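S.K.:
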Amino acid sequence: MEQRIAKLEKEMEALRQEMDVLKHQQPLEKTTVQKVNRPIPVQPKKPIPKLTPTPKTKPQRTFEEQMMWALPKVFMVILVLGVLWGLKLVSDYGYLSNEVKIILAYSLSIALAAIAYVVEHKKLGSSAITISLYGGAFIVGIITTAAGAILYEVIGLTLALFIAIMYIGYGIAISYFKKNEVLTVFVAFTSLLLPYLLEYMDFSAFIVLIFVIVLLTMLQLVIWHHKQKIALYISTFFSIMAVGIVAFVYSDHHVGFALGLIIILAIFYTSWCRLYNVESKWKPIHVGLQFSLSIFSLLLLNLISSPLEYKELLLLGLCILFVTVASYGYKQKWQEAFDSAVTLAFITLCNTLLVMNLPEKVDDLLLPFITFAGVMMSLRLRVSLMKVVSSIGFTLILLLSYVAHEPTPFFSIEHLSLIMPGMYLFIIYIYAMRQKDTVNAFEKLMKDVYVLDLLAVITAGYFLVYIAKLDSVYIAGASNFPHLMSIAIALFFAGSLVLPVHYKGRALTPVLTVLFLFFTLMISGIPYHMQGVEWLNIATRLVYIAVIVAIIIDLLMQGRIYQIYQQHMTKFLDWLISIGVVCTMIALCGLVSQLAYNDLLAWKLSIAFTTITLFLSASLSLWLGSIRQLRILRLSGFAILAIAFIKLIFFDLSALDLLIRAVLFMSIGGIGLLLSGRLLRKTE
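For the sequence shown, this note's numbering gives the first residue as 106, with consecutive numbering after it.
#1: Is the beta carbon of V578 closer than 7 Å to that of P512?
#2: Got a sec: does the ligand MN put a non-hydrogen atom nearer than 6 Å to the Cβ of V460?
#3: Tell me whether the stretch 740–754 and the stretch 713–729 touch, counting them as touching only if at least three CB pairs, one residue from each stretch, are closer than 8 Å.
#4: Starting from the N-terminal side, write out each stretch of the alpha helix (DSSP H) that is 4 residues or longer and does not extend beyond the stretch 644–717.
#5: With a cut-off of 8 Å on the beta carbons, I'd call S296 and I273 a contact; round off their distance for me.
#6: May I have the straight-line CA-CA distance separating Q615 from I350, to the nearest angstrom?
#7: What residue from L557, F586, A546, S591 has the CA that sits closest to F51's CA?
#8: Please classify E414 as buried or exposed, where buried requires at least 16 other C-beta atoms within 10 Å of its C-beta.
#9: For the candidate residues M662, L596, Q333, whose alpha-carbon lies nearest to that of F373?
#10: Could you check whether T618 and C688 sit closer than 7 Å to each other, using their CB atoms as the reference points?
#11: Looking at T715 and C694, is the spacing between their C-beta atoms short of 7 Å?
#12: When you compare only the Cα positions, how much space is there between R121 and L113?
#13: Flag this pair as yes or no: are the beta carbons of A371 and S340 separated by less than 7 Å?
#14: What's the C-alpha gap between L209 and A251?
#15: Could you spell out where the alpha helix (DSSP H) holding P587 opens and where it closes?
#16: Between the alpha carbons of V245 and Y211, how many angstroms are there, rounded?
#17: Can you tell me whether L550 is buried or exposed? The criterion is at least 16 other CB atoms within 10 Å of its CB, across all chains shown.
#18: Output the residue ranges of the alpha helix (DSSP H) runs that lie fully inside the stretch 418–505 and measure 4 residues or longer, sorted by chain position.
#19: Output needed for S445: all residues of its chain with C-beta closer than 6 Å, excluding positions within five of it in sequence on either side, in chain order.
#20: Mind checking I312: buried by the 16 CB within 10 Å criterion, or exposed?
#21: To which residues of the same chain is P149 closer than 7 Å at the C-beta, ignoring the five residues directly before and after it?
#22: Looking at the secondary structure, which residues open and close the alpha helix (DSSP H) in which A800 lies?
#23: Looking at C-alpha atoms only, which residue of K436, S356, K228 is the closest neighbour of L408?
#24: Which one of H588, I247, M491 has the shortest CA to CA distance from S399?
#25: Closer than 6 Å by C-beta to V697: which residues in its own chain qualify, once you throw out the five before and the five after it? Chain order, please.
#26: How many angstroms separate the CA atom of I345 from the CA atom of Y571?
#27: Counting Cβ pairs closer than 8 Å, one from the stretch 417–437 and one from the stretch 452–463, do we hit at least three?
#28: Would you check if the distance between the CB atom of A265 and the CB atom of A254 is smaller than 7 Å?
#29: May I ask you to report which of helix, strand or coil DSSP gives H358?
#30: Identify the continuous alpha helix (DSSP H) that holds G241 and give its terminal residues.
#31: Buried or exposed, going by whether 16 or more other CB atoms sit within 10 Å of the CB of I691?
#32: Quick one: is N545 buried, meaning 16 or more other Cβ sit within 10 Å of its Cβ, or exposed?
#33: V348 by DSSP, collapsed to three states: which one?
#34: Does the Cβ-Cβ distance between I335 and E286 come in under 7 Å?
#35: Using a Cβ-Cβ cutoff of less than 7 Å, which residues in the same chain neighbour W439 once the five nearest sequence positions on both sides are dropped?
#36: At what residue ranges does the stretch 364–414 contain a whole run of the alpha helix (DSSP H), taking only runs of 4 or more?
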């Protein structure tokens, strides 16, 4: 039927082309009488283009159809389990001997295969039923062979091996002819259980290794022919697991299993490059899976080769494999595959340097860098699973690096090992916040749950805790307060205010605002002794005062901070200015108290300066509130003025001598008169 349809399509296309030629020649026949004797130019016929058959596209199955196709396989597994439990129940009651149970199980396997053959050739059921029957025959046969050889010991080990190989051949054959990927996965998974039987039979380690390699190679024929990518990943993963598990059993053959692992990866990459489709919408997932599988293999290779003396040569061999894949990807212009292979080669090279007899401190630099490269690769490829895995690894290394290292001596590799993870965090954040033409679902989810915004907070937090370590080692011995970190918080807070939201995220400024206010109150609250480094305490207070005053001036002058947050200023400008004035007043009073506490200022003068600060703050609040029409700021000014009068009358009169009292009252009186005149002029 398909041949007839194709033939009819060709004939229809030929008829269309002839009609086009006739329509083109028709105007030439309608010439006028004057042009009869003129030679009529012959219209050259256009060459008929060759017909290219349209590629056949498989209809996409709906979810219900996929479920209907999956049900026979599920029921087949249930049937197999039911038969096995039934045989066990019969065995528990002593009705059947072990030999009879094995014979019945083999009979069931053969019967399932025969039923599948009859159903297929007589067309008694769908292809899903046929494939399930063929697969059930394979599963029952393999399980029966393993049970007869290991559990019941009624089959000789050599005969069991021969039967298992026959069933594996049968499984590969039905996978090849039935073109079903699920069946191929079942065959690969079940067949790769045979190495454990070989190990139980005390076969040589090289025979077990050769069996795994040959089996994986045979499966590639099915995978290549039917382009079964999922089967490729699953069969390679279980092959790697089989080599890794058996390698730890045969503890004297690490070299052979390490080489076998590299050969398995070479087979995998050969098939992967053959099946890679640069135009596929699943391309990032395939690149991420091969990257994750390669990283897992690299980790396993490190474990297998750890007892060897020259394990660097094995890692260099794996590095050469990745370089070869990268070269092929570059030649084919596969950008994502090239990036992935180059990153893997780089990570493997760094790993090779790690296992060499290098100084111990160099390892502390390389390990965070390797995990950083993995994160950057996942961001470059935009692979969701790879982002999650590499980010978890980098986070763990980041925590270990911070806990394990100290910034002493200052110029040392250990100190550099503490700084570099913070630099990596900053680079990751900058690269992750870059503009993208399209945003996939995972990236949209990460934006909705504030992941990138939290990354900005984590990056700033790492630098703050790093500065706190500098405090604890070099300065905080003089007191228990982290002054350098406090200054850094003030500077980070000021910097976050002038940066657009696109660069700093949505969470950094609120978090730094809370920290800034907390440290402002904590610094200004209680004075304390600094044991010879009073200048640092005073400098910290001055930095906080300068930041607050700069913010107030920017908001009043409608500077950069005002422009960035302009949409919120109509509601919060009054409150922000009021809070800024109050915080400045508290910080100035705290500075005066600290100067008096450190004997840098007379105690009576500190009382006077504190009162003057209160009156100046009240005057400034009332003046700015009046000229800017800020009601909350005016009310704050009146409240501060009341506090200043209470302090002046009930506390300062008894504590100050006559000279200071006179100067204080004259100063306050002058300030009050000036303020009153300004306010009255404004109201008039």
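Each residue gets a CB set at the ideal place from its N, CA and C atoms; glycine is no exception.
Just so we're clear, the structure is a prediction, and the values are computed from it rather than from any experiment.
M.R.: On the basis of the data shown:
#1: Taking the first residue of the sequence shown as position 1, residue 512 is located at position 407. Taking the first residue of the sequence shown as position 1, residue 578 is located at position 473. With contacts defined as CB atoms closer than 7 Å, P512 and V578 qualify as a contacting pair.
#2: The model on display carries no ligand, and the ligand MN is accordingly not part of it.
#3: yes
#4: If only complete runs of 4 or more residues are kept, the stretch 644–717 shows the alpha helix (DSSP H) at 665–669, 671–702, in order along the chain.
#5: Within the sequence shown, residue 296 is the residue found at index 191, counting from 1. Within the sequence shown, residue 273 is the residue found at index 168, counting from 1. About 5 Å separates the two Cβ atoms, so the contact holds.
#6: Residue mapping note: residue 615 aligns to position 510 of the sequence shown, counting from 1. Residue mapping note: residue 350 aligns to position 245 of the sequence shown, counting from 1. Per the sequence shown, the amino acid found at residue 615 is Pro instead of Gln. Taking the straight line from one Cα to the other gives about 51 Å.
#7: No information on residue 51 is available, as it lies outside the stretch 106 to 789 that the chain covers here.
#8: The sequence position of residue 414 within the sequence shown is 309, counting from 1. By the 10 Å Cβ count, E414 comes out exposed.
#9: Within the sequence shown, numbered from 1, the residue matching residue 373 stands at position 268. Closest by alpha carbon: Q333.
#10: On the sequence shown, residue 688 is found 583 positions in, with the first residue counted as 1. On the sequence shown, residue 618 is found 513 positions in, with the first residue counted as 1. Cβ atoms of C688 and T618: not closer than 7 Å.
#11: Here residue 694 refers to the residue found at position 589 of the sequence shown. Here residue 715 refers to the residue found at position 610 of the sequence shown. Contact flag set, yes.
#12: The count along the sequence shown starts at 1 and reaches residue 121 at position 16. The count along the sequence shown starts at 1 and reaches residue 113 at position 8. Between R121 and L113, the C-alpha separation is close to 12 Å.
#13: Here residue 371 refers to the residue found at position 266 of the sequence shown. Here residue 340 refers to the residue found at position 235 of the sequence shown. Not closer than 7 Å, so no.
#14: The residue you call residue 209 lines up with position 104 of the sequence shown. The residue you call residue 251 lines up with position 146 of the sequence shown. In a straight line, the C-alpha of L209 is about 15 Å away from that of A251.
#15: Counting from 1 along the sequence shown, the entry for residue 587 is found at position 482. Run containing P587: none; DSSP gives neither H nor E here.
#16: Numbered from 1 along the sequence shown, position 140 holds the residue referred to as residue 245. Numbered from 1 along the sequence shown, position 106 holds the residue referred to as residue 211. Using only the alpha carbons, I get a separation of about 7 Å.
#17: If you number the sequence shown from 1, residue 550 lands on position 445. Counting Cβ neighbours within 10 Å, L550 comes out exposed, since fewer than 16 surround it.
#18: 440–460, 465–486
#19: Position 340 of the sequence shown, counting from 1, holds the residue named residue 445. Cβ neighbours of S445 beyond the five flanking positions: V392, F396.
#20: Here residue 312 refers to the residue found at position 207 when the sequence shown is read from its first residue. I312 is exposed by the Cβ-count criterion.
#21: As a position in the sequence shown, residue 149 is number 44, starting the count at 1. Residue confidence is low: P149 scores 46 on pLDDT, short of 50, so the model does not pin down where it sits. No coordinate-derived value is stated.
#22: With the chain covering 106 to 789 only, the question about residue 800 has no answer from this structure.
#23: Walking along the sequence shown from the start, residue 408 turns up at place 303. Looking at the Cα atoms, S356 is the closest of the given residues.
#24: Within the sequence shown, residue 399 is the residue found at index 294, counting from 1. Taking only the C-alpha atoms, the option nearest S399 is M491.
#25: Taking the first residue of the sequence shown as position 1, residue 697 is located at position 592. Short of 6 Å from the beta carbon of V697, and not among the five residues preceding or following it, lie these beta carbons of its own chain, in chain order: S711, F714, T715.
#26: The residue labelled residue 345 in the question sits at position 240 within the sequence shown. The residue labelled residue 571 in the question sits at position 466 within the sequence shown. So the alpha carbons of these two residues sit roughly 41 Å apart.
#27: yes
#28: For this step, residue 265 is matched to residue 160 along the sequence shown. For this step, residue 254 is matched to residue 149 along the sequence shown. By the CB criterion at 7 Å, A265 and A254 fall inside the cutoff.
#29: Numbered from 1 along the sequence shown, position 253 holds the residue referred to as residue 358. Three-state DSSP puts H358 in coil, outside helix and strand.
#30: Sequence index remark: in the sequence shown, residue 241 carries index 136 (1-based). From DSSP, the alpha helix (DSSP H) with G241 extends over 232–251.
#31: Looking up residue 691 in the sequence shown gives position 586. The residue in question, I691, is buried, as its Cβ has 16 or more Cβ neighbours within 10 Å.
#32: As a first step, residue 545 is located in the sequence shown; it is residue number 440 there, counting from the start. It is exposed - the Cβ of N545 has fewer than 16 other Cβ atoms within 10 Å.
#33: Numbered from its first residue, the sequence shown carries residue 348 at position 243. V348: helix per DSSP, three-state reduction.
#34: For the purposes of this step, residue 335 is taken as the residue at position 230 of the sequence shown. For the purposes of this step, residue 286 is taken as the residue at position 181 of the sequence shown. Contact flag set, yes.
#35: Position 334 of the sequence shown holds residue 439. Same-chain partners within the cutoff: Y381, V383.
#36: 388–410
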